[in-house]
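Chains as they are written, first to last, in the working numbering: chain A, 1 to 524; chain B, 525 to 650.
Note sheet for the following structure.
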Amino acid sequence: MHIDARELSDNSLIEGDICIIGAGAAGIAIALDWQQHAAKVILLEGGGFNLEARMQDLYRGEITGKPYYPLEAARLHYFGGTTGHWAGFCAPLDPLDFQKRSWVPHSGWPITRKQLDPYYERAQQLVELGPYQYDPSYWEQQDPDITRLPYSPHNVQTKMWQFSPPTRFGNKYRDAIVNASNVHLYTYANVSEIRSNESVNSIEGVSFRTIEGKQHQVKARYYILACGSIQNARLLLASNKRAPAGLGNDHDLVGRYFMEHVEMPVAELVMQRPWPLKMYLLNYGQTRSRGELILSRTMQREHQLLNGSVSLSPGGVGESPRGTFQEFPAEVILRYSDEPAANPPLPDKSEIKQADKPVTTKPAPALSTVQTFRLSCRHEQSPNRESRVSLGTDKDALGVPRARLNWQLSEIDKYSIRKSCEILARETGRSGIGRIKLLDWLIDTSDKEWPEFLSGGWHHMGTTRMHDHPKQGVVDSDSKIHGIANLFVAGASVFTTAGCANPTLTLIATSLRLSEHLKQQLKS
Amino acid sequence: MNRRRFLISTTGLLAVSQPLLASFSTTTLDPATLAGPELLSFLGDREYIVALGQCYLQQFPHEASITTLSSKIRQQAGSSNTHNESKQIARKVARDFANDETILLNGWMLSRTEARQAALFSLLHS
Ligand SMILES: Cc1cc2nc3c(=O)[nH]c(=O)nc-3n(C[C@H](O)[C@H](O)[C@H](O)COP(=O)(O)OP(=O)(O)OC[C@H]3O[C@@H](n4cnc5c(N)ncnc54)[C@H](O)[C@@H]3O)c2cc1C
């Protein structure tokens with residue numbers, strides 16, 4: 001069922017069992033899981049069904065730390081959320097990512113990869129991937145042209161990714177949500193406050209507003225915050241009437257440990273002779289799976305490194321290396337944030353790439369004829385308390401303080417990228433594949449600075465991190481906010497560490513796990 | 525230094541590397557042969573290899589003589605004729621990588637033997 005919140009009479013009260021705030025990948029995945037359930041699910045979405053400049057403007061924010069992408073272009077504020085832009089790269093986190101690693105401060109999830117596996121398998125279907133198979137040998141069996149480069153697996157391994165079409169949740173699941181009789185979707189329903197009881201151990205309701213000035217209330221048994229990592233933190237911090245530091249923030253953790261994947265060119269590879277590279281090259285829109293190079297667990301342990309992968313694409317880096325943020329400038333994306341009537345369909349990454357870099361869309365030959373490759377990393381950053389989302393002084397059109405992002409990195413982040421590339425370079429020579437040249441920004445070991453093309457992957461993670469102890473995490477292993485009986489968080493904000501896999505598959509898996517937990521709660 | 529000029533593009537690769545390789549294989553067992561790095565010719569043109577070699581010599585100035593470098597490259601590589609010698613050197617390069625005898629030169633991760641070949645090349649050509 002769909003209701004346009006602008007058409008409700010002012011001060012309406014809506015009641016239900018579960019209230020999901022935000023209809024992006026996480027919120028929609030959960031709502032779909034409750035279809036045909038007896039419970040009444042209220043799904044509040046701040047935007048409409050299309051991209052609108054005034055909605056995007058609610059996402060504008062301040063950047064104070066490392067240079068970052070404009071916040072109003074780094075996520076989307078309408079039904080389907082940021083899946084309207086995402087590129088569909090999917091992989092599960094590695095088992096090691098969940099473990100406590102002595103060399104990675106604040107590492108260690110309270111859940112294991114094994115516990116998430118069944119949910120990953122279901123998440124695969126929601127983003128229209130193939131089988132839940134990430135073992136390279138599975139893909140080698142599917143196609144004789146797909147073979148791994150001859151690295152010693154003790155040192156360098158191939159981590160597989162699968163590619164979603166990419167599923168645009170807004171288009172794909174709109175009908176299912178609108179037609180689900182127990183799911184009540186409200187569009188233009190921007191939550192401005194989550195209200196707790198006096199002792200701040202339970203949520204009494206949420207207030208949502210329309211840009212036109214109406215305000216309404218929702219009362220439910222359980223509340224799930226699913227607005228994306230920056231917005232989840234912002235809403236908790238802004239809900240400060242009874243808890244002056246914000247909800248769930250007794251230990252000053254909400255908004256902290258913001259993480260990104262560092263995505264930048266790191267090196268060039270010259271191959272000694274042609275190798276079959278079908279496993280590693282990407283034809284955007286066609287490739288179902290591809291491998292990236294990662295260091296083995298043993299190597300990561302031995303050298304005390306963060307997890308990171310390196311992808312190959314034909315051609316060199318050129319005179320001025322560019323990270324993802326420079327490759328897809330905000331202007332290109334913002335061009336599409338006009339009023340809906342004037343909106344051409346959003347470009348997906350492949351279209352931008354086509355205009356920008358035709359070389360990556362050419363079919364990849366089974367045997368590489370190109371001998372020079374650009375190597376780009378997707379690297380985990382270590383959880384850093386100083387890297388945070390807080391509230392700015394400026395307010396949006398609904399009176400909610402805007403987000404302020406202070407993205408920070410640590411020494412181990414650059415060290416890990418450099419060392420990993422160095423090891424990969426040595427292993428590339430050792431295995432007779434070719435030679436690697438590290439880019440200038442990685443050569444000087446004493447240089448702790450980041451180059452101006454520092455980039456992330458628009459992967460916002462970690463602002464309500466998961467930990468068993470309230471002093472170390474905002475949510476517990478069920479994604480429930482410590483100390484508050486009925487408030488849960490869905491999305492990558494619950495990630496304790498980031499791994500090197502793009503976050504959406506994992507955030508859907510953790511959301512489905514939370515959904516299952518709530519079903520059990522409702523039963524009991 | 526303009527790296528783009530030196531990095532060989534796919535199309536430019538053969539054009540640049542053929543004359544370079546040809547100049548390496550004219551004599552037998554002489555320094556010019558030893559300075560004929562099999563793979564270095566894929567990395568860049570003459571000027572680029574010279575620069576790589578100079579970078580090595582800055583780090584190891586005590587090796588900055590044709591005799592020293594020739595003998596270090598030959599050590600354990602064995603030598604009989606040009607053909608065998610290049611095979612022996614290739615084996616030595618592989619051994620270097622296996623034994624972590626590697627060096628980062630201007631960002632390139634090279635075997636110590638390759639780096640010395642570049643250094644010898646630079647002494648012979650600059
Ligand atoms: C250019 C780009 C490329 C990407 N590529 C990849 C990729 O290849 N692989 C990958 O894994 N990830 C990728 N991502 C990241 C991916 O899009 C996100 O991880 C994912 O969409 C996050 O899902 P979410 O549901 O947590 O948040 P979102 O998808 O952002 O959804 C949040 C929803 O909450 C709504 N909302 C916000 N505030 C309120 C409020 N106050 N009240 C009510 N509703 C509200 C929003 O309108 C939105 O619908 C990419 C992102 C970008 C920008």
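By construction, the Cβ of each residue, glycine as well, lies at the ideal position given by its N, Cα and C atoms.
Kindly say whether residue i, judged by its beta-carbon, lies nearer than 9 Å to any beta-carbon of chain B.
| i | result |
| --- | --- |
| G499/A | no |
| E422/A | yes |
| I294/A | no |
| Q304/A | no |
| Q371/A | yes |
So, is residue i buried or exposed, given that buried needs 16 or more other C-beta atoms within 10 angstroms?
| i | result |
| --- | --- |
| L644/B | buried |
| M633/B | buried |
| S137/A | exposed |
| G246/A | buried |
| P95/A | exposed |
| R273/A | exposed |
| G130/A | exposed |
| P127/A | For the sequence presented, residue 127/A should be read as Val rather than Pro. Flag for V127/A reads buried. |
| D413/A | buried |
| Q286/A | exposed |
| K523/A | exposed |
| S387/A | buried |
| N623/B | exposed |
| D97/A | buried |
| S446/A | exposed |
| A73/A | buried |
| K241/A | exposed |
| Q231/A | buried |
Check whether chain A comes within 9 Å of residue i, counting only Cβ atoms and requiring the distance to be less than that.
| i | result |
| --- | --- |
| T626/B | yes |
| S610/B | no |
| L634/B | yes |
| A618/B | yes |
| A642/B | no |
| L545/B | For L545/B, the predicted structure reports a pLDDT of 36, less than 50, and the residue's modelled location is therefore unreliable. The matter cannot be settled from this model. |
| L581/B | no |
Name the chain A residues whose beta carbon is nearer than 8 Å to that of residue i?
| i | result |
| --- | --- |
| A622/B | R430 |
Name the one or two DSSP bridge partners that residue i has.
| i | result |
| --- | --- |
| C90/A | Q162/A |
| G205/A | R195/A |
| G308/A | H379/A |
| M1/A | M1/A pairs with nothing; no bridge assigned. |
| K219/A | E15/A |
| V270/A | T372/A and R435/A |
| T526/A | Examination of residue 526/A is not possible in this model, given that chain A is present from 1 through 524 alone. |
| G291/A | M160/A |
| M466/A | V475/A |
| W407/A | Paired residues: none, contrary to the question. |
| L628/B | M633/B |
| E62/A | R404/A |
| L44/A | I21/A and Y186/A |
Determine the chain B residues that contact residue i at a beta-carbon separation under 7 Å, and present them in chain order.
| i | result |
| --- | --- |
| R435/A | L563, L567, W632, M633 and L634 |
| A425/A | M633 |
Sorry if obvious, but does the Cβ on residue i come closer than 8 Å to a heavy atom of ligand 3?
| i | result |
| --- | --- |
| M55/A | Within the structure as shown, ligand 3 is missing, the only ligands being ligand 1. |
(request) Below 9 Å between beta carbons is the criterion; list the residues of the region 260–284 of chain A that meet it against any residue of chain B, in chain order. (result) Here the close residues are A267, E268, V270, M271 and Q272.
(message) Which residues of the region 437–459 of chain A have a Cβ closer than 8 Å to any Cβ of chain B? Give them in chain order.
(response) Contact annotation: in the region 437–459 of chain A, residues whose CB is within less than 8 Å of a CB in chain B are K437, L438, L439, D440, L442 and I443.
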